[in-house]
Every structure is written in structure tokens, then in C-alpha cells.
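Numbering (this note's numbering), first residue to last: 206 to 364. Built from N, CA and C at the ideal position, the CB exists for glycine as well. Beneath this line is the structure, given in C-alpha cells, with notes to follow.
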């Protein structure tokens with residue numbers, strides 16, 4: 206094992222990119238922050254033209270709404286990314302989170318500091334804080350989850 210640490214000497218490696226974008230993240234919070242900052246470097250609109258937004262929803266200027274999303278009345282999206290074909294129902298609050306493609310968030314949910322992976326369904330009135338919800342997971346209505354990794358017993362986390 207001493208070879209892996211080069212005899213205790215500190216070393217620094219650098220990769221200089223000619224073009225493109227590269228982030229190194231090793232925490233859930235850093236992953237969310239990298240996803241929030243990256244779009245500022247591109248010229249694409251923050252809200253995709255095909256997104257269906259209610260006139261009575263609130264989308265923060267630092268949020269991204271993907272193609273074919275549906276955002277319902279009184280929904281609030283702040284400092285978050287909503288992936289393509291996701292549905293956010295009435296009175297949902299999403300803050301500092303990443304919602305991947307094909308996710309459904311039912312009425313009255315609160316999502317804070319979380320990553321919700323593809324095709325998950327968050328049941329009505331659920332409160333999800335600082336969680337990682339895996340692909341195709343179903344969160345029961347009125348659930349209260351904090352600091353959890355929620356994946357099926359037969360799957361590894363796929364992000």
C-alpha cells in the first residue's frame with residue numbers, strides 16, 4: 206500500500222482541458238452545485254421552449270427546466286434542475302435539487318437538497334430532504350425522508 210501513497214510524498218496531478226467542461230465532485234451537495242453552475246456556461250435557455258408552465262408557478266432564475274416538462278399551479282422551483290419529461294404537480298416546492306428525466310412529483314411535496322433519479326414517483330405530500338432517490342423508485346404518499354439513499358434492493362445506484 207505504501208506504493209499507492211508514493212512513500213508518503215504529496216503529489217498533485219493536473220489535467221488541462223483544451224475545450225469543454227469538467228467538474229470533480231465527491232459529495233451530494235457538490236454534485237447539486239455543479240449541476241446548478243454548469244448551465245451558466247452555455248447559451249441554451251434555462252426553460253426549454255417545449256416546457257408547459259402554469260402561469261401561477263414560480264421558477265427561480267437559477268433553475269433549469271427541461272424539454273416537455275409540466276409544472277403545475279403554485280409549484281415553486283428554486284436553484285434546481287428539472288429533467289426532460291418530468292411532471293411537477295400543484296403546490297410542490299423544489300429547492301437546491303436535481304430532478305432527472307421522467308420523474309413525477311405529486312401534489313404538495315417538498316424536495317430539498319436531493320437528487321431524484323429517472324422515472325421515480327414521489328407520492329402526494331411527501332417531504333424529501335437531502336436524499337438520493339434511485340431510478341424507478343416509488344416514495345409513498347406523506348412520507349418523511351431525511352438523509353437517506355433510497356434504492357431497490359436489487360439495484361445499484363445509477364446516476
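Fewer than three pairs of CB atoms, one per stretch, sit closer than 8 angstroms, so the stretch 305 to 324 makes no contact with the stretch 248 to 259. Using a 10 angstroms sphere on the CB of residue 305, the tally of other CB atoms reaches 16 or more, which defines it as buried. Taking C-beta atoms as the reference points, residue 342 and residue 355 count as a pair closer than 8 angstroms. Note on residue 227: under 16 other CB atoms within 10 angstroms of its CB, so exposed under the neighbour-count rule. Using a Cβ distance threshold of 8 angstroms, residue 319 and residue 337 count as a contacting pair.
In the structure shown, residue 317 falls within a strand segment according to DSSP collapsed to helix, strand and coil.
Residue pairing by DSSP leaves residue 245 without any beta bridge partner. A residue is called buried when at least 16 other Cβ atoms come within 10 angstroms of its Cβ; residue 294 meets this threshold and is buried. Secondary structure note for residue 230: it is in no beta strand (DSSP E), with a DSSP letter that is neither H nor E.
Beta-carbon to beta-carbon, residue 268 and residue 251 are separated by about 7 angstroms, close enough to satisfy the 8 angstroms threshold. Residue pairing for residue 342: DSSP places it in no beta bridge.
Residue 312 has no beta-bridge partner at all, per DSSP. The criterion of a C-beta distance shorter than 8 angstroms is not satisfied by residue 290 and residue 300.
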